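Peer 1:
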Amino acid sequence: QVQLQQSGPGLVKPSQTLSLTCAISGDSVSSNSMAWNWIRQSPSRGLEWLGRTYYRSKWFNDYAPSVKSRITVNPDTSKNQFSLQLNSVTPEDTAVYYCARGLMASGINYWGQGTLVTVSS
Amino acid sequence: QSALTQPPSASGSPGQSVTISCTGTSSDVGSYNSVAWYQQHPGKAPKLMIYEVTKRPSGVPDRFSGSKSGNTASLTVSGLQAEDEADYYCSSYAGSNNLVFGGGTKLTVL
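Protein sequence lines correspond, in order, to chains A and B. Sequential numbering of the first sequence, starting at 1, is according to my numbering. Sequential numbering of the second sequence, starting at 1001, is according to my numbering.
#1: What are the residues that DSSP puts in a beta bridge with glutamine 1040(B)?
#2: Closer than 8 Å, CB to CB, is methionine 34(A) near chain B or not?
#3: Could you tell me whether any Cβ in chain B is nearer than 8 Å to the Cβ of asparagine 109(A)?
#4: Which term fits tryptophan 49(A), buried or exposed, when burial requires 16 or more other beta carbons within 10 angstroms of its beta carbon?
#5: Going along chain A in order, which residues have a C-beta closer than 8 Å to the C-beta of glycine 1104(B)?
#6: Pick helix, strand or coil for alanine 1082(B), following the three-state DSSP scheme.
#7: So the candidates are Ala1094(B), Asp1087(B), Lys1055(B); which of them puts its Cα closest to the Cα of leucine 1107(B)?
#8: State yes or no: is the C-beta of glycine 141(A) within less than 8 Å of the C-beta of glycine 1024(B)?
#9: Which residues in chain B have a C-beta closer than 8 Å to the C-beta of glutamine 123(A)? List them in chain order.
#10: Answer yes or no: does any C-beta atom of chain B fall closer than 8 Å to that of serine 65(A)?
#11: Per DSSP, which residues does glutamate 48(A) bridge with? Please list them.
#12: Using 8 Å as the limit for Cβ to Cβ distance, is tyrosine 98(A) near chain B?
#13: The beta strand (DSSP E) that contains alanine 64(A), what's its start and end?
#14: Apart from the five residues on each side of it in sequence, which residues of its chain come closer than 7 Å, Cβ to Cβ, to leucine 1099(B)?
#15: Do you know how far the Cα of threonine 90(A) is from the Cα of phenylalanine 82(A)?
#16: Assuming the contact rule is C-beta atoms closer than 8 Å, valine 1035(B) and valine 1053(B) should be a hit. Round their C-beta distance to whole Å, please.
#17: Against proline 1057(B), what residues of chain A qualify as contacts under a CB-to-CB distance less than 7 Å, listed in chain order?
#18: Just to check my reading of the structure: valine 96(A) and leucine 84(A) have Cβ atoms closer than 8 Å, yes? What is that Cβ distance to the nearest angstrom?
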């Protein structure tokens, strides 16, 4: 059974960097058939896919156009986890952030527990 | 504003059927058979209910079914049960390695 366990601060100051980590059990971040995603949810923006990392003989990343200039998703093979960094945050980045496993073509089938991140001074 | 358009609410009585629509464009829903539907109960993470337009993951009741016509996808819940009351979201591959979601539909079982 795949489980995703998120960790990271729930409060970030404006202009700073939001950082979250997602630890994977029951699968490998280096899987050749899966992708590892970050998705957020807020009342104003609904569900929003942010980005992903995946391994297909080498590492790839894809990012949503809305955050492409500010986001980095990195795998950590030594700890079997992946991370999200979102730079220069504003209050509009306040949301519940989810890590998730799945492919765009066939759906996101495992989700982390969600982390409410508030951007406020 | 979400990329895919869903009605804000839908309702039905126990045992009835209800259909939720998800309207996109020829660049997303209309171009790819990569529509998925998610169920979300309050305070919980979304749960995959339908993928690739019509397929059900293991464990999802066959009361849930999906379809697509042109730029609009639909989720039908037959034989409504109290536990089906939740928010439902659609998603679609939108090309260029991008995934978009609908704004969500709150399903009420009367």
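Even glycine gets a Cβ: it sits at the ideal position worked out from N, Cα and C. Note that this is a predicted model, so its numbers are computed, not measured.
Peer 2: Working from what's here:
#1: Asp1087(B)
#2: no
#3: yes
#4: buried
#5: Gly46, Leu47
#6: helix
#7: Asp1087(B)
#8: Nothing can be reported for residue 141(A), as the shown portion of chain A is limited to 1 through 121.
#9: Here chain A has residues from 1 to 121 only, and residue 123(A) is not among them.
#10: Checking the sequence shown, residue 65(A) turns out to be proline, not serine. It does; some Cβ of chain B falls within 8 Å.
#11: Arg40(A)
#12: yes
#13: Alanine 64(A) -> no beta strand (DSSP E), and no H or E assigned at all.
#14: Ser1091, Tyr1093
#15: 23 Å
#16: 5 Å
#17: Asn109
#18: Actually they are not in contact, since the Cβ atoms of valine 96(A) and leucine 84(A) sit about 13 Å apart, beyond 8 Å.
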